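Scroll down for the structure; my scribbles are underneath it.
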Amino acid sequence: MELSTAFCLSAAFLSILLFKSLVKLFFFSFPSKGNRQLPLPPGTMGWPYIGETFQMYSQDPNVFFATKINRFKTIPFSLSSTLSILFKKMVTCISICTSTVRYGSMFKSHILGYPCVMISNPEAAKFVLNKAQLFKPTFPASKERMLGKQGIFFHQGAYHANLRRLVLRTFKTEAIKDIVSDIESIALSCLNSWEGKLITTFLEMKSYTFNVALLSIFGKDENLNEEGLKRCYYTLERGYNSMPINLPGTLFHKAMKARKELAQILAQIISTRRKMKQEHNDLMGSFMSEKAGLTDEQITDNIIGVIFAARDTTATVLTWIIKYLGENQSVLEAVTEEQGSILRGKEENGEEMDLNWSDTKNMPVTSRVIQETLRIASILSFTFREAIEDVEFQGYLIPKGWKVLPLFRNIHHSPDNFKEPEKFDPSRFEVTPKPDTFMPFGNGTHACPGNELAKLEILVLLHHLTTKYSWCIKDAKNGIQYGPFALPQDGLPITIYPKHNYHSNKTWRPTNN
Ligand code: HEM
Ligand SMILES: *[C@@H]1O[C@H](CO)[C@@H](O)[C@H](O)[C@H]1NC(C)=O
Ligand SMILES: *[C@@H]1O[C@H](CO)[C@@H](O)[C@H](O)[C@H]1NC(C)=O
Ligand SMILES: *[C@@H]1O[C@H](CO)[C@@H](O)[C@H](O)[C@H]1NC(C)=O
235 MELSTAFCLS AAFLSILLFK SLVKLFFFSF PSKGNRQLPL PPGTMGWPYI GETFQMYSQD
295 PNVFFATKIN RFKTIPFSLS STLSILFKKM VTCISICTST VRYGSMFKSH ILGYPCVMIS
355 NPEAAKFVLN KAQLFKPTFP ASKERMLGKQ GIFFHQGAYH ANLRRLVLRT FKTEAIKDIV
415 SDIESIALSC LNSWEGKLIT TFLEMKSYTF NVALLSIFGK DENLNEEGLK RCYYTLERGY
475 NSMPINLPGT LFHKAMKARK ELAQILAQII STRRKMKQEH NDLMGSFMSE KAGLTDEQIT
535 DNIIGVIFAA RDTTATVLTW IIKYLGENQS VLEAVTEEQG SILRGKEENG EEMDLNWSDT
595 KNMPVTSRVI QETLRIASIL SFTFREAIED VEFQGYLIPK GWKVLPLFRN IHHSPDNFKE
655 PEKFDPSRFE VTPKPDTFMP FGNGTHACPG NELAKLEILV LLHHLTTKYS WCIKDAKNGI
715 QYGPFALPQD GLPITIYPKH NYHSNKTWRP TNN
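This is how it looks when you write it as structure tokens:
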């Protein structure tokens, strides 16, 4: 879910706000009376229009961007293809900018016209994420419109707490224990369809994570219009990070149309379920229960939001894992050995060969690979909050209305927290990280409720992938693209083939080599 990063990614949004922010800046420069004695966090606020965004663009090795910067002012009035190029540059630039933030610091800046405080200090990040009464989530209106205003991400207080309770009921450990074998079937059928082919890892992983999300949200509902849902999501995602210009032909327009269609598909499911009057033990069932007290619109917005949050995130992490394992033979061997020994154990004891919950809790090597990938890839590199009132923290003032960005990636890549941070080394997680230094799923009020499910589906896929298949990365480029999270170049094309001891009749013969 790059919902959070999205805030600053839209150039049209930016341009419209340039004017407004000038006005705002004027006020923000003067913290309100009561706290005037407290200093603002250090850092230069930069040039008033776009603040340090200008400097961060000029750090882009690609000179193109720096020379095009003046076009910003005319963006909303032009629809040329330059837009999408500019847009992609901005995504890159923002990551460059945040990567220069010193570790342990709190640092004031501007991002695209908004005054903000960037935080790479673990305690401060935790403080911001846990003090919901002081810091609220903040998103651009276009993202809210696209995902649905009633979505869990955008809210606080009683409504948010109610939604969170309902979502956690479906995704907490006790609830997902029962779907291990269903997830396993999905994993096996995906792997089977990839066998012997050149695949784009990211796209195929999206298909896997989408099916797992549908399973947990709709159970095995036969009335599910899966094709329709898939098609709409595809369009929605393509438009999500586009310019929010709602004119026929734009990606944004198409995405908004797809969103409407999604709502219709969901309305159909809701009405069929009401007619059938069956109990459903899935997220939809939980949202529809009388006690939940949700309107149809609230249900729809949140189903759309949860699928969105579940899919690309988990697929991106899986793609990075495939890359890192593909590049490090010794780590791959350790994972394969751990997974193979689970199979051998089951066979020796004459047990069912299916994975069960306790198997997945007994995969320490593989789990460390997941943790290390979450750290090093830090796919949600930061999130956004906004100060609800003037806040004092560590002797500094964060004025009301300022954006606050906990920078997860910086915290995860600081040598103070992780030795040789740029090295992929799962064994570092043999020791528990220092408190608050590892937050791949966020922390506090809005922390990811899907984290157990994400880890479970990754483990299940890796179990079958490593014991039954080998893969090779097509051309090992080290480039990164954004789609919408940082992703290996071209979505990581790989070829997958069955291992010699895994025959096409799909029986697995354990070997000891
Ligand atoms: C490895 C995959 C995933 C990662 C790295 C991840 C990361 C995150 C993070 C960092 C947040 C907090 C954002 C913030 O504080 O602004 C979050 C929120 C959320 N995630 Fe995930 N997530 C993943 C998978 C999932 C899955 C599988 C689901 C659904 C089953 C899910 C559902 C959600 C929801 C609903 C929220 C919003 C919670 C709220 O606002 O209270 N995520 N996720
Ligand atoms: C899960 O599988 C393990 C063997 O891998 C077995 O020892 C255990 O009894 C199984 N647990 C359940 C609840 O079936
Ligand atoms: C693979 O990972 C191990 C453990 O982290 C490390 O010692 C080794 O240098 C890595 N090898 C390569 C080729 O990166
Ligand atoms: C938040 O961080 C604390 C300390 O690092 C940790 O104990 C807690 O489990 C985290 N909460 C969530 C929801 O991740």
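Using my numbering, read the sequence shown as starting at 235 and increasing by one per residue.
Each residue gets a CB set at the ideal place from its N, CA and C atoms; glycine is no exception.
All values derive from a computational prediction rather than experimental measurement.
Query raised in the report: How about isoleucine 417 and glutamate 586: are their beta carbons less than 9 angstroms apart?
Result: Cβ atoms of isoleucine 417 and glutamate 586: not closer than 9 angstroms.
Query raised in the report: Taking all protein chains shown into account, do 16 or more other C-beta atoms lie within 10 angstroms of the C-beta of arginine 602, making it buried, or fewer, making it exposed?
Result: With 16 or more other Cβ atoms within 10 Å, it is buried.
Requested in this report: Determine the extent of the alpha helix (DSSP H) in which proline 356 is found, giving its start and end residues.
Outcome: Taken as a continuous stretch (DSSP letters only), the alpha helix (DSSP H) holding proline 356 covers 356 to 364.
Report task. State the Cα-Cα distance for the pair glutamine 367 and alanine 621, rounded to the nearest angstrom. Result -> Spanning the two alpha carbons is a distance of roughly 9 angstroms.
**Report entry** Close beta carbons around proline 457, own chain, < 6 angstroms, minus the five adjacent residues each side
**Finding:** A quick correction: the sequence has asparagine, not proline, at residue 457. Taken in chain order, the residues that qualify are Thr506.
Query raised in the report: Would you call arginine 399 buried or exposed, if buried means 16 or more other Cβ atoms sit within 10 Å of its Cβ?
Result: By the 10 Å Cβ count, arginine 399 comes out exposed.
**Report entry** Coil, strand or helix - arginine 706 by DSSP
**Finding:** Per the sequence shown, residue 706 should be read as cysteine rather than arginine. DSSP places cysteine 706 in strand when its eight states are reduced to three.
Query raised in the report: What residue does the beta strand (DSSP E) around leucine 517 start on, and which one ends it?
Result: Run containing leucine 517: none in the beta strand (DSSP E); it sits in the alpha helix (DSSP H), 517 to 522.
Query raised in the report: Between the Cα of histidine 670 and the Cα atoms of Val638, Asn355, Asp724, which residue gives the shortest distance?
Result: It should be pointed out that residue 670 corresponds to aspartate in this sequence rather than to histidine. If we check each option's Cα against that of aspartate 670, Asn355 comes out closest.
Requested in this report: Please confirm if the segment 590 to 602 is in contact with the segment 677 to 695, defined as three or more CB-CB distances below 8 angstroms between the two stretches.
Outcome: Contact check between the segment 590 to 602 and the segment 677 to 695: three or more CB pairs, one atom from each, fall below 8 angstroms, which counts as touching.
Requested in this report: Measuring alpha carbon to alpha carbon, tell me which of Ile730, Phe719, Pro683 ends up nearest leucine 699.
Outcome: Here the closest residue by C-alpha is Ile730.
**Report entry** Own chain residues within Cβ distance below 6 angstroms of alanine 492, not counting five before or after
**Finding:** Here the set comprises Cys466, Thr469, Leu470.
**Report entry** From Glu429, Pro478, Thr679, residue whose alpha carbon lies closest to that of histidine 734
**Finding:** Taking only the C-alpha atoms, the option nearest histidine 734 is Glu429.
Query raised in the report: Just to confirm, are lysine 363 and arginine 619 a CB contact at a threshold of 9 angstroms?
Result: Residue identity differs from the one stated: residue 363 is leucine in this sequence, not lysine. In this structure, leucine 363 places its C-beta atom within 9 angstroms of the C-beta atom of arginine 619.
**Report entry** For leucine 272, three-class secondary structure by DSSP
**Finding:** Note: leucine 272 maps to coil in three-state DSSP.
**Report entry** heavy atom of ligand 1 below 8 angstroms from methionine 380 C-beta
**Finding:** Relative to ligand 1, methionine 380 has its C-beta separated by 8 angstroms or more from all heavy atoms.
**Report entry** Among Phe627, Tyr474, Arg545, the one whose alpha carbon lies nearest that of isoleucine 353
**Finding:** If you compare the alpha carbons of Phe627, Tyr474, Arg545 with that of isoleucine 353, the shortest gap goes to Phe627.
Query raised in the report: From the DSSP output, which residues share a beta bridge with glutamate 626?
Result: Bridge partners of glutamate 626: Leu631.
Requested in this report: State the Cα-Cα distance for the pair asparagine 426 and isoleucine 538, rounded to the nearest angstrom.
Outcome: Near 29 angstroms, if we compare the C-alpha coordinates of isoleucine 538 and asparagine 426.
Report task. Can you say whether cysteine 350 is buried or exposed, counting buried as having 16 or more other CB atoms within 10 angstroms of its CB? Result -> Around the beta-carbon of cysteine 350, 16 or more other beta-carbon atoms lie within 10 Å, marking it buried.
Report task. Examine ligand 4 and report whether any of its heavy atoms sits within less than 8 angstroms of the Cβ of aspartate 650. Result -> No, the Cβ of aspartate 650 stays beyond 8 angstroms of every heavy atom of ligand 4.
Report task. Pick out the complete alpha helix (DSSP H) segments inside the segment 357 to 427, 4 residues or longer, and give them in chain order. Result -> The DSSP assignment places 375 to 381, 391 to 405, 407 to 410 as complete runs of the alpha helix (DSSP H) inside the segment 357 to 427, in order along the chain (cut-off: 4 residues).
Query - When Pro275, Asp412, Gly676, Ser476 are compared against phenylalanine 616, the one with the closest alpha-carbon - result: For phenylalanine 616, the nearest C-alpha among the options comes from Gly676.
**Report entry** Contacts around glycine 560, its chain only, beta-carbon distance under 6 angstroms, and the 5 residues preceding and following it disregarded
**Finding:** Here the set comprises Ile707.
Report task. Kindly indicate which three-state DSSP category threonine 550 falls into: helix, strand or coil? Result -> In this structure, threonine 550 counts as helix in the three-state DSSP scheme.
Query raised in the report: If you compare alpha carbons, which of Leu639, Leu641, Ile556, Tyr348 is closest to tryptophan 705?
Result: Closest in C-alpha terms to tryptophan 705, from the list Leu639, Leu641, Ile556, Tyr348, comes Ile556.
**Report entry** Beta carbon of phenylalanine 521 nearer than 9 angstroms to that of arginine 609
**Finding:** Against a cut-off of 9 angstroms, the Cβ pair of arginine 609 and phenylalanine 521 comes out as no contact.
**Report entry** Cβ-heavy atom distance, glutamate 561 to ligand 3, below 8 angstroms
**Finding:** Glutamate 561 Cβ: within cutoff of ligand 3.
Query raised in the report: Quick one: what does DSSP say valine 446 is sitting in, helix, strand or coil?
Result: Reduced to three states, the DSSP call for valine 446 is helix.
Report task. Provide the residue(s) that pair with proline 660 in DSSP beta bridges, ordered along the chain. Result -> Answer is none; proline 660 lacks a bridge partner.
Query raised in the report: Hey, would you say leucine 463 sits closer than 9 angstroms to isoleucine 499, going by beta carbons?
Result: With contacts defined by Cβ atoms closer than 9 angstroms, leucine 463 and isoleucine 499 form a contacting pair.
Query raised in the report: Looking only at DSSP bridge pairs, what is serine 343 linked to?
Result: DSSP lists Cys350 as partners of serine 343.
Requested in this report: Tell me, please, whether the segment 628 to 639 touches the segment 660 to 668 by the rule of three or more beta-carbon pairs shorter than 8 angstroms.
Outcome: By the Cβ rule, the segment 628 to 639 does not count as touching the segment 660 to 668, because fewer than three pairs are nearer than 8 angstroms.
Report task. Tell me whether isoleucine 533 sits in a helix, a strand or coil according to DSSP, three-state version. Result -> If DSSP states are grouped into helix, strand and coil, isoleucine 533 belongs with the helices.
Query - Secondary structure of isoleucine 479, DSSP reduced to three states - result: Isoleucine 479 falls in the coil class under three-state DSSP.
Report task. Might you give, ordered along the chain, the residues of its own chain that have their beta carbon closer than 7 angstroms to the beta carbon of lysine 711, omitting 5 neighbours on each side? Result -> The answer, listed in chain order, is Gln723.
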